[in-house]
Amino acid sequence: MAKLLKKIGRKIVLVNLDPANDSVSYSPDIDIRSLIVLEDVMDQYDLGPNGALVYCMEYLEENIDWLLNQIQGEHCTNFIFDLPGQVELYSHHNSLSNIFSKLASERQLQLCVVHLVDSHHCTDAGKFISALILSLNAMLKIGLPHVNLLTKIDLLKKHVDKLQFGIDFYTEVLDLNYLLENLEIDNFTSKYAKLNQALVSIIEDYSLVTFHLADLFKEESLINIKNIIDKANGYVFKSEEGRHINSMLACAMGVENKFNNDFQ
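One point on numbering: in the numbering used here, the residue at position 230 of the sequence shown is 678, and numbering is uninterrupted.
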């Protein structure tokens, strides 16, 4: 995504906020590991990886000026924040939400959360319901524009026979009661039938979660995702960017329909 944005003329700053990520595939412009390192926290405080990660986020929140100072003065810039994958940080813990709030209020960043969900969850009704609950929880907890992506679509195409429904059912999150009918029921899981029904009801009552298809190795898919994110956070591209992107729009138009047709 950073390469695409640079290609169309945008200024990009890559920010690694994952203190456990010691082998990033890119060169971060801002790196939390210059402030705090997960392994050092584990050794010093005798914590496991999850506890140490929570400590690191709390430490970043307490030392938020370190991050704000590095962002200061970066005008007309797209920041891409690489965040930890631990779900508790988005569903239960407050530090990341507080950090986002500071970035928005102190540096006037127009933030958008991009949540990646492995598309193989679509092949299992129970896993897909779990992914929906996690997505909804994060959307409500963080309180920012949110784009949910089903990734690795290229791999899902190889297992399309395992899908109980068409791909639109999963992207638009249609009548989830059909999912309940496809849950594997045995003596152990049958006692959770009412819980599953309640979870589905919560998801449908809020009616917030939808997904977009993403093949992160195809430029036309990345262009489509970029457009969705731009719309979510209110970005308006500059005139000179328009010249770069006009030649690429033809590829992006209808790209999601193209993915959908591949599953017909």
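Where a beta carbon is used, it is the ideal one built from N, C-alpha and C, also for glycine.
Residue i classed as buried or exposed, judged by whether at least 16 other C-beta atoms fall within 10 angstroms
i       : result
Pro-497 : exposed
Cys-524 : exposed
Pro-467 : buried
Glu-510 : exposed
Thr-599 : buried
Val-535 : exposed
Val-472 : exposed
Leu-643 : exposed
Asn-464 : buried
Asn-625 : exposed
Leu-537 : buried
Ser-475 : exposed
Ser-567 : buried
Val-684 : exposed
Ala-646 : exposed
Thr-427 : Residue 427 falls outside the range modelled here, since the chain spans only 449 to 712, and no answer is possible.
Residues near residue i by beta carbon distance below 6 Å, same chain, minus five either side
i       : result
Lys-575 : His-569
Glu-554 : Leu-516
Arg-458 : Asn-526
Leu-551 : Leu-557
Ser-545 : Ile-590
Ile-478 : Val-463 and Gln-518
Met-490 : Ala-500
According to DSSP, residues forming a beta bridge with residue i
i       : result
Leu-661 : Leu-598
Thr-525 : Lys-459
Asn-464 : Asp-479 and Asp-530
Own chain partners of residue i with C-beta closer than 7 Å, once the 5 adjacent residues on each side are dropped
i       : result
Leu-580 : Val-621, Ile-651 and Val-657
Gln-611 : This sequence places Leu at residue 611; Gln is not what is there. Contacts found: Cys-570 and Thr-571.
Phe-548 : Leu-559, Ile-590 and Leu-592
Close Cβ partners of residue i (< 8 Å) along its chain, the five nearest in sequence each way excluded
i       : result
Leu-584 : Ile-650, Ile-651, Tyr-654, Leu-656 and Val-657
Leu-597 : Val-562, His-563, Leu-564, Val-565, Phe-659, His-660, Leu-661, Ala-662 and Ile-673
Phe-665 : Asp-602
Arg-481 : Asn-464, Pro-467, Asn-469 and Asp-470
Ala-450 : Ile-460, Leu-462, Tyr-474 and Ile-528
Worksheet item: Fully enclosed by the segment 542-612, which alpha helix (DSSP H) runs are 4 residues long or longer?
Response: Every alpha helix (DSSP H) stretch that sits fully inside the segment 542-612 and reaches 4 residues is listed by chain position as 543-555, 573-590 and 601-604.
Worksheet item: Is there contact here, the segment 522-541 with the segment 616-630, by at least three beta-carbon pairs under 8 Å?
Response: Contact between the segment 522-541 and the segment 616-630 is absent: fewer than three C-beta pairs spanning the two stretches fall below 8 Å.
Item to complete: Could you tell me whether the segment 587-604 touches the segment 559-567, where touching means 3 or more Cβ pairs closer than 8 Å?
Response: Result yes; three or more Cβ-Cβ pairs closer than 8 Å.
Practice prompt. Answer yes if the segment 454-462 comes into contact with the segment 483-494, meaning at least three C-beta pairs across the two stretches below 8 Å, and no otherwise.
Written response: Under the Cβ criterion (8 Å, minimum of three pairs), the segment 483-494 does not count as touching the segment 454-462.
Worksheet item: Using 8 Å as the threshold, is the segment 599-606 in touch with the segment 673-686, meaning 3 or more CB pairs across them?
Response: No, they do not touch.
Discussion item. Tell me whether the segment 501-519 and the segment 536-544 touch, counting them as touching only if at least three CB pairs, one residue from each stretch, are closer than 8 Å.
Written reply: By the criterion of at least three beta-carbon pairs nearer than 8 Å, the segment 501-519 is in contact with the segment 536-544.
Discussion item. I'd like the ranges of any alpha helix (DSSP H) spanning at least 4 consecutive residues and lying wholly in the segment 490-515.
Written reply: As far as the segment 490-515 is concerned, its whole alpha helix (DSSP H) runs of at least 4 residues are 497-510.
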